Amino acid sequence: MATRIEHRATFPHSAADTYAAQTEERALRARLARIGGDRAELRDHETSEHGARYTLLQGIPADKLPSLVRTLRSGDLTVRREHVWTRQGDRYTGTITVAVADVPGRITADVELVPSGDGCVQTTRGEVSVRIPFVGGKIENFVAEQVTQLLDTEALATKQWLAG
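Each residue of the sequence shown is one higher than the one before, counting from 5 in my numbering.
Structure, rendered in structure tokens:
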């Protein structure tokens, strides 16, 4: 059984500007340098007038993992995040697929960035699935909590990028 994730962020800028702050190569590299963790890397990146596609790699040191995860897998984790965005008029939709090396599970999410008042709203809905008998649910809850915190941190980084 998967654990649901839902996150909402508001931005005081247009959807187009906010989208650019989340998909432009320079912005992504700056965000990774700031909050990407160990061995953070922009693996690939392409944009067009119709959307964007990029892959982020991020490392999580073993000492930052809960003991339950460390008992199942030793060493640091490498997280691979694949993002695909599509422009649809004045709104943007996307999908995110996350995989962790050597861990039987994944995170998937749908993202929508739409105009709202003088700014825009980004909604992320997804789920965490960890296929490990007996402890998968506990790990899913931990991961869902961490993903929500990461989305908060990334929204703040986007706001700061836009303000800068």
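Think of the CB as a built atom: it goes at the ideal place given N, C-alpha and C, for glycine as much as any other residue. Predicted, not measured: the structure shown is a model, and the values here were computed from it.
Beta carbon proximity, residue i to chain D, threshold 8 Å
| i | result |
| --- | --- |
| Ala161 | Protein chains in the displayed structure number just one, and chain D is not present. |
Option in the options with minimal Cα separation from residue i
| i | options | result |
| --- | --- | --- |
| Asp67 | Ala6, Leu61, Arg85, Gly41 | Gly41 |
| His49 | Gln62, Ile64, Arg30 | Arg30 |
| Cys61 | Ala103, Ala6, Thr14, Ser71 | Reading the sequence as shown, one finds Leu at residue 61 and not Cys. Of Ala103, Ala6, Thr14, Ser71, the residue nearest in Cα terms is Ala103. |
| Glu53 | Arg74, Ala6, Gly93 | Gly93 |
Whole-Å CB distance - residue i paired with residue j, under 8 Å assumed
| i | j | result |
| --- | --- | --- |
| Arg43 | Thr82 | 7 Å |
| Thr127 | Thr112 | Actually they do not touch by this definition, with Cβ atoms about 15 Å apart. |
| Gly59 | Glu86 | In the sequence as displayed, the identity of residue 59 is Thr instead of Gly. Going by Cβ atoms, the distance from Thr59 to Glu86 rounds to 5 Å, so yes, they are a contact pair. |
| Gly123 | Thr14 | 6 Å |
Coil, strand or helix - residue i by DSSP
| i | result |
| --- | --- |
| Arg77 | coil |
| Leu69 | coil |
| Asp48 | strand |
**Report entry** Length at least 3, wholly inside the region 96-134: the beta strand (DSSP E) runs in chain order
**Finding:** 109-120, 123-134
Query raised in the report: Taking three-plus beta-carbon pairs below 8 Å as touching, is the region 15-28 in contact with the region 140-147?
Result: no
Requested in this report: Taking 8 Å as the threshold, find out whether the region 9-22 comes into contact with the region 127-140 through three or more Cβ pairs.
Outcome: yes
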